[in-house]
Every structure is written in structure tokens, then in C-alpha cells.
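Using the working numbering, the first residue of the sequence shown is number 10, and each one after it goes up by one.
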Amino acid sequence: RGGPILLDDRVLIEGHACIQGEILIEHQVEISGRAAVIAFDGNTIHLRGPKVINGEDRITRTPLVGSL
10 RGGPILLDDR VLIEGHACIQ GEILIEHQVE ISGRAAVIAF DGNTIHLRGP KVINGEDRIT
70 RTPLVGSL
């Protein structure tokens, strides 16, 4: 859901992984299982490898309290 999503240079997403929001994933990143990468409210997440995100791992980014 959401977007845009940019995938570049040997990215593997498999299983029931959830990718949501503005996400940039590049350079040997593997996301599998029930892992989730979620960017809320116009924030962007940039994942650059090599990294393995799997199982029940969650990566989120939300606005800082007080910055609104």
C-alpha cells in the first residue's frame, strides 16, 4: 500500500512481507517472512544493504512528537 516504492540492485522480497509508504530499498537487501517496513505520514525509509530483515522484524518511521 502507499508508495512510491523503489527497488534497486539485488533486492529480494518474499513470504508475507509488508512494505508500506515511501520506501527506498537498495543494494542486497532481503525482506522475508512476516517482516514489515512501514513509513507513515509522508516520511521516507531508506534501507541500504547488505541486510536481512525476516521473521517478525518491523521497521517503522513516524513523526517525532513536538515537530508538528
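Where is the CB? At the ideal position from N, CA and C, for every residue including glycine.
query: I54 to G12 span [Cα, whole Å]; result: 11 Å
query: Cβ neighbour criterion (16 or more within 10 Å) applied to G51; result: exposed
query: DSSP three-state assignment for A48, whether helix, strand or coil; result: strand
query: Counted within 10 angstroms of its Cβ, other Cβ atoms place G24 as buried (16 or more) or exposed; result: exposed
query: Local conformation of D17 per DSSP, three classes; result: strand
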